[in-house]
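As structure tokens, the structure follows; a few thoughts come after it.
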Amino acid sequence: MERWSGRVAVVTGASSGIGAAVAKELVKHNMKVVGIARRLERIEALKNEVDGLAGSLYPLKADISREEEVVAAFAWVKNNLGSVDVLINNAGIIGRSTLHEGPVSQWRSVLDLNVLGLSICTKEALQLMRESGVDDGHIIHISSINGHGVPQHSLEYDLMMYSATKNAVQALTEGLRRELVQRNSKIKVTSICPGMVQTEIILAAGYKIAEGMTVEQFYSNLPHLKCQDICEAIIYILGTAPHIQVHDLIIKPVGEPM
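With the first letter of the sequence shown counted as 1, position 89 gets the number 100 in my numbering; the numbers rise by one all the way through.
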């Protein structure tokens, strides 16, 4: 990780869960981390938490599903930090819906964030890397085990559209790898596909847990990963030698039935 010391990372969806954990971990490794999310107050609270660590955190408010806000965010990065070296495309939603009933507005929200938002962030990061001469950067998509086919739980939990978006992310990862090869670029691209991770995403999607049960208690009954497990995977990926590209990494908890 020494080669990333003092360099710039952009982490989307940095207000909670995996995004917040990754932002904190990269600050520990002396990176300048731009944490992007809609809930600015949460990233500002995280900034207070990491003050005194080796690197620094820059909270930035933006809705990744809105192109103009993404463009403005990367313009801020360019004007204030010069470039971007690492992009962690973490922002995403489940968007519970069925293919029979929709609602279509829910489909659109999931597609706009999980596919188009990720793609626009990638485009803006690549453009900034080119402008500033960065040819050893790294783009990491936080995908899902749902990106590998259509797991049975996609039907059970109304996740067909979510699975479709994560399969799209897998295709986009491979497509970008081929584009980078075609351009003789040394920029790396990686997709990380976790199984169940303990985050707030199930509550954000409207799933109900038993009355009086905490999120921690809910997950304690299921095989699951911790956000820190994903952080450790990212540190490993970023720490690989220049000639090594971890292209697609599946991480599942032991005993996960899906």
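Every residue, glycine too, gets a C-beta built ideally from N, C-alpha and C.
What you are looking at is a predicted structure, and each value in this text was computed from that prediction instead of being measured.
Beta-carbon contacts of residue i that lie in its chain and below 8 angstroms, excluding the five residues immediately before and after
i: L260; result: T201, S202, I203, C204, A244, I248
i: P114; result: S108
i: A32; result: C238, Q239, I241, C242
i: S231; result: none
i: E227; result: Q209
i: L187; result: T133, I150, V200
i: H92; result: The sequence given here has Leu at residue 92, not His. Closer than 8 angstroms at the Cβ level, and outside the excluded window around L92, lie V19, K43, V45, Y69.
Residues of its chain near residue i, where Cβ-Cβ distance is below 7 angstroms and the 5 sequence neighbours each way are ignored
i: I288; result: Nothing can be reported for residue 288, as the shown portion of the chain is limited to 12 through 269.
i: V7; result: The requested residue 7 is not part of the displayed model; the chain covers only 12 to 269.
i: V145; result: S94, D96
i: S154; result: K177, V180, Q181, S202, I203, C204
i: M12; result: H40, I246, L249, G250
i: I212; result: G28, I105
i: A34; result: V22, A25, V44, G46, L57, L68
Other residues of its chain near residue i: CB distance less than 6 angstroms, five sequence neighbours each side excluded
i: T210; result: G28
i: K89; result: L139
i: S26; result: A48, R50, R53, I54
i: P234; result: P264, G266, E267
i: G206; result: I156, K263, P264, E267
i: H159; result: none
i: L129; result: N100
i: L191; result: I198
i: S16; result: N41
Helix, strand or coil at residue i [DSSP, three-state]
i: K72; result: strand
i: G46; result: strand
i: I255; result: coil
i: L37; result: helix
i: V21; result: strand
i: L64; result: coil
Nearest to residue i (by Cα), restricted to the options the options
i: K197; options: T184, H254, V226, V161; result: H254
i: T184; options: V126, M224, S94, G160; result: V126
i: D62; options: L233, S116, H235, L37; result: L37
i: S67; options: L110, W87, A20; result: A20
i: G30; options: R14, I104, R18, E13; result: I104
i: G24; options: S76, M12, R14; result: S76
i: A65; options: M42, G186, V192, S116; result: M42
i: E142; options: H111, F85, Q193; result: F85
i: Y168; options: L110, R189, Q193; result: L110
Quiz item: Do the stretch 86-104 and the stretch 148-156 touch if we need at least three Cβ pairs shorter than 8 angstroms?
Solution: The stretch 86-104 vs the stretch 148-156: in contact.
Quiz item: Would the stretch 133-145 and the stretch 51-63 be scored as touching if the rule is three or more Cβ pairs under 8 angstroms?
Solution: A contact between stretches requires three or more CB pairs, one per stretch, nearer than 8 angstroms, and the stretch 133-145 fails this requirement with the stretch 51-63.
Quiz item: Where are the alpha helix (DSSP H) runs, 4 residues long or more, that stay fully inside the stretch 178-249, in chain order?
Solution: Correct list: 212-215, 226-231, 238-249.
Quiz item: How about the stretch 113-132 and the stretch 165-185: do they share at least three Cβ pairs that are nearer than 8 angstroms?
Solution: Yes, they touch.
Exercise. Pick out the complete alpha helix (DSSP H) segments inside the stretch 95-172, 4 residues or longer, and give them in chain order.
Key: List check, alpha helix (DSSP H) in window: 115-122, 129-143, 163-167.
Quiz item: Using 8 angstroms as the threshold, is the stretch 42-51 in touch with the stretch 70-77, meaning 3 or more CB pairs across them?
Solution: As far as the Cβ criterion goes, the stretch 42-51 touches the stretch 70-77, which means the pair count is three or higher.
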